[in-house]
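**Student:** One structure, pasted below without further comment.
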């Protein structure tokens, strides 16, 4: 919230909205008053009544040609800046301030234009433009001067925010011994399962860190390239290549290490950004490198060896003698029926029981890649994860076309 008073872009916007004349604005800037915070202390003490005659004399000392209307508009702007300053100071004392506050629109546009000018050759638009929630999280770190890990699924794009925007839910909260009704903030998540999705999410995070002046985009991109280079590393015989899940674990471990070292997001006394070199040093440390070691391949087990303790007709666990004549057996752990006989192979394959509502709509239990689908999301009953993301019960995708929407919305999508 301090950005509201410390932003020069917000200062220019409020001067134009309050219709303060240009000659008074130039006089203020010539005397070093470029933000609402400096303006609130330029005349009197915040919280005290502004004397009209004294203020007019002060304004005309800055600009002798100031008109009566211009002085009145300037007085209004000084009163607003002092009121906002007192509100911020009171909020810092009484509020826990655990949520990221929104950046003023004028400050966001001004900073993003500077980022686009600085990052020549980088297309900061479309899927590569960071969402407002990601920018707010980065600026919250800067405001508190405390690093926080931003996982790839939280590094949403602006396009994803606009397409996934929903009406906010209302909730009751207690502030200053008063019950207030406020909007419940829902944290958006973007799918980050494939290497391309994770790479784009990390690049958006690098742009957001450059936006907040926490870490340069070039330095963060070098860190990302060094991290993804492990995907092309040839594993030893009997071992598999490094997976995307290992890259995400290594990224989390690297950020955990710099947070433990108490690295600050703001520039130090020399003007350097500590995160520019500390994050790469954490990636090459022993603790993080251990998470990128190639894992051994899983040995293929014979079907007979796997079936030694399985539940098959003719004996063993889960066999139901009543269904033996029909070639059916029951899996007691899952509580579903399946046939042990398949055409051509004669091998058994367990299939999860699909609810009747999903089965009637032509839905399946898993994706073509074998990923489990959340049945509650298909019926519109699960809100643990975002559309296209994954919850403990499975992926939040359509059980028919596997798109990022529920099965009940398949026809409309």
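Numbering (this note's numbering), first residue to last: 425 to 837. Cβ coordinates follow ideal geometry from the N, Cα and C atoms, glycine included. Model, not experiment: these values are computed from the prediction.
Can you list, in chain order, the residues of its chain whose CB lies under 7 Å from that of residue 809, leaving out five sequence neighbours each side?
**Tutor:** Closer than 7 Å at Cβ, skipping near neighbours: 613, 815 and 820.
**Student:** Just to confirm, does residue 643 get its C-beta within under 7 Å of one of the non-hydrogen atoms of the ligand MG?
**Tutor:** Ligands are entirely absent from the displayed structure, and the ligand MG is therefore not among its contents.
**Student:** Please classify residue 576 as buried or exposed, where buried requires at least 16 neighbouring CB atoms within 10 angstroms.
**Tutor:** So residue 576 ends up on the buried side.
**Student:** What span of residues does the alpha helix (DSSP H) with residue 553 cover, start to end?
**Tutor:** Run containing residue 553: none; DSSP gives neither H nor E here.
**Student:** Measure the beta-carbon distance from residue 552 to residue 624 and round it to whole angstroms, keeping in mind my assumption that it falls under 8 Å.
**Tutor:** 7 Å between Cβ atoms; contact.
**Student:** Comparing C-alpha positions only, which one of 717, 825, 534 and 526 sits nearest to residue 563?
**Tutor:** When each option's Cα is compared against that of residue 563, the closest is 526.
**Student:** Determine which residues share a DSSP beta bridge with residue 796 and list them.
**Tutor:** Answer by DSSP bridge pairing, in chain order: 790.
**Student:** Helix, strand or coil, according to DSSP, for residue 494 in the structure here?
**Tutor:** Of the three classes helix, strand and coil, the one that applies to residue 494 here is helix, per DSSP.
**Student:** For residue 685, name the three-state secondary structure that DSSP assigns.
**Tutor:** Three-state result, residue 685: coil.
**Student:** Please tell me whether residue 571 and residue 712 are closer than 8 Å, where the distance is taken between their beta carbons.
**Tutor:** Going by C-beta atoms, residue 571 is not nearer than 8 Å to residue 712.
**Student:** Between the Cα of residue 800 and the Cα atoms of 832, 440 and 718, which residue gives the shortest distance?
**Tutor:** If we check each option's Cα against that of residue 800, 832 comes out closest.
**Student:** With 16 as the cutoff for other CB atoms within 10 Å, does residue 497 come out buried or exposed?
**Tutor:** With 16 or more other Cβ atoms within 10 Å, it is buried.
**Student:** By a C-beta neighbour count over all protein chains shown, 10 Å radius and 16 as the cutoff for buried, is residue 823 buried or exposed?
**Tutor:** Per the 10 Å Cβ criterion, buried.
**Student:** If you run the structure through DSSP and keep just helix, strand and coil, what is residue 576?
**Tutor:** Looking at residue 576 - three-state DSSP - the assignment turns out to be helix.
**Student:** For residue 766, does the three-state DSSP call read helix, strand or coil?
**Tutor:** In this prediction, residue 766 scores a pLDDT of 43, lower than 50, which makes its location untrustworthy; the coordinate-derived value is nonetheless stated afterwards. Three-state DSSP puts residue 766 in coil, outside helix and strand.
**Student:** Determine the DSSP secondary structure at residue 647, reduced to helix, strand or coil.
**Tutor:** Reduced to three states, the DSSP call for residue 647 is helix.
**Student:** Check whether the Cβ atoms of residue 533 and residue 431 sit closer than 8 Å, and answer yes or no.
**Tutor:** Their beta carbons are not under 8 Å apart, which means residue 533 does not touch residue 431 by this criterion.
**Student:** Along the chain, which unbroken stretches of the alpha helix (DSSP H) at least 4 residues long are found entirely within the region 623-674?
**Tutor:** Listed in chain order, they are 641-652.
**Student:** Take the Cβ of residue 444 as the centre, count every other Cβ of all protein chains shown within 10 Å, and call the residue buried at 16 or more, exposed below.
**Tutor:** Buried, because 16 or more other Cβ atoms sit within 10 Å of the Cβ of residue 444.
**Student:** Are residue 574 and residue 629 closer than 8 Å when you measure CB to CB?
**Tutor:** In contact: residue 574 and residue 629 (Cβ atoms closer than 8 Å).
**Student:** Decide if residue 666 is buried, meaning its Cβ has at least 16 other Cβ atoms within 10 Å, or exposed.
**Tutor:** With 16 or more other Cβ atoms within 10 Å, it is buried.
**Student:** Which residue comes first and which comes last in the alpha helix (DSSP H) that contains residue 539?
**Tutor:** Segment 529-542, the alpha helix (DSSP H) holding residue 539.
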